[in-house]
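Heads up, the thing below is written out as structure tokens.
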Ligand code: NAD
Ligand code: TYD
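Numbering (the working numbering), first residue to last: 2 to 351.
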């Protein structure tokens, strides 16, 4: 029986990771620790509430006393750390929130794990989930490898870079068995509608302007969120201690091309005439420090651990649009803020 702490499990990627682990590993006891910030939505995990190997803990990773007590009480065997402030635009408005959660929160977790495991590392593992944005921005060509020097430009990517350094420092200094991954942009169900794809779907659905930053020439590599969760599963179980694995979709898109593809899918799904949805595209002021291009070389993960993305982008995007159109209630509750009352009604009032 393994006891595993997953942080940030009420968020977008975390909820898919929690579901995968709770479902595929009935002999593991999965603890989901989440502060339920604006990005945390327990309605993402409604289907797991009665699973006997699943426990939700509301708490903040920056609260050192609380985190130390939790580790000492529960004696976790492993940690999969996803909790973070994750949106670049918010990091430009409130950088210190990113330093607190992403840097301080990660250090608090590492330290609690160190104290709890007391250098008896047998069977223990601390897995840190990070982003390709730590590598900075590429020009027209080239790919990020695990050896690409760090060159973050936004407060978000700088805070994730700092947290990655702390994780490696705990490995090098104390011998903690850590593993890290740096992934490209995810998309799929349960994505908070402040990020490009869910925001665009929501606005297209509601005939609102679809904001494209600058000229839309920026390039991102997109990966379906369930493929990321599967990569995390693979790396958690089989990744070599102290190693970093890049995860990517081998799937680069200019923002403007992606938005046009989405418009044509929406025209079809909503029975609109061809070209109708694209009239909503609105070019707006560019993001400050906007990285031009991210692209990942995920061959280490492919060659060493046999992981590959399973979905073509067009298919993944169709599935994503279908999910948002059939789960309008989810989207309405997120955009209205109603989802924030769910914890109170389900966990506190009972
Ligand atoms: P998200 O914003 O959807 O979810 C973050 C979760 O962390 C939320 O449930 C939130 O409540 C929780 N959280 C925030 N601050 C907390 C705190 N102080 N204590 C406890 N919980 C807290 O993020 P996401 O998109 O699911 O990203 C998850 C992780 O994956 C992050 O570490 C992010 O850097 C990384 N990542 C994301 C992407 C992407 O495309 N979204 C790509 C690569 C890596
Ligand atoms: P985003 O989803 O915020 O992810 P990240 O900044 O972490 O890559 O943005 C993806 C790309 O889309 C990025 O180049 C910024 C751009 N973008 C827009 O053009 N319009 C928008 O409304 C948003 C949110 C993003």
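No residue lacks a Cβ here, since even glycine has one placed at the ideal position from N, Cα and C.
Check                                                                                                          : Outcome
Span separating the alpha-carbon of residue 351 from that of residue 59                                        : Confidence at residue 351 is low in this model, with a pLDDT of 49, below 50, so the placement of that residue is unreliable and no value is reported for it.
For residue 351, the three-state DSSP class (helix, strand or coil)                                            : Caution is warranted here: a pLDDT of 49 is assigned to residue 351, below 50, making its placement in the model unreliable, and no coordinate value can be reported.
Proximal residues to residue 227 (C-beta, below 7 Å), its chain only, five neighbours per side dropped         : 17, 189
Beta-carbon gap between residue 107 and residue 155 smaller than 8 Å                                           : no
Alpha-carbon spacing of residue 30 relative to residue 280, whole angstroms                                    : 49 Å
C-beta contact flag for residue 111 and residue 171 at 8 Å                                                     : yes
Which of helix, strand or coil DSSP assigns to residue 331                                                     : helix
Sheet register partners of residue 58 (DSSP bridge)                                                            : 34
Residues bridged to residue 209 (per DSSP)                                                                     : DSSP lists no partner for residue 209.
Cβ contact check for the region 124-139 and the region 76-96: 3 or more pairs under 8 Å                        : yes
Proximity of residue 51 and residue 11 at Cβ, strictly below 8 Å                                               : no
CB of residue 223 within 8 Å of CB of residue 177, strictly                                                    : no
Cβ contact (3+ pairs, closer than 8 Å) linking the region 319-326 and the region 281-289                       : no
Given 8 Å, three or more beta-carbon pairs between the region 239-249 and the region 142-153                   : yes
Beta carbon proximity, residue 19 to chain C, threshold 8 Å                                                    : The question asks about chain C, but that chain is absent: this structure has only one protein chain.
Residue 282: CB within 7 Å of a non-hydrogen atom of the ligand NAD                                            : no
Cβ shell of residue 198 (< 6 Å), same chain only, five flanking positions each side left out                   : 188
Whole alpha helix (DSSP H) elements within the region 94-164, 4-residue minimum                                : 96-99, 106-118
Buried or exposed by the 16-neighbour rule on C-beta atoms within 10 Å, applied to residue 63                  : buried
Classification of residue 339 by the beta-carbon crowding that lies within 10 angstroms, buried from 16 upward : exposed
Inter-residue spacing [alpha-carbon to alpha-carbon] between residue 255 and residue 268                       : 20 Å
Under 8 Å between C-beta atoms of residue 214 and residue 294                                                  : no
First through last residue of the alpha helix (DSSP H) which encompasses residue 68                            : 65-75
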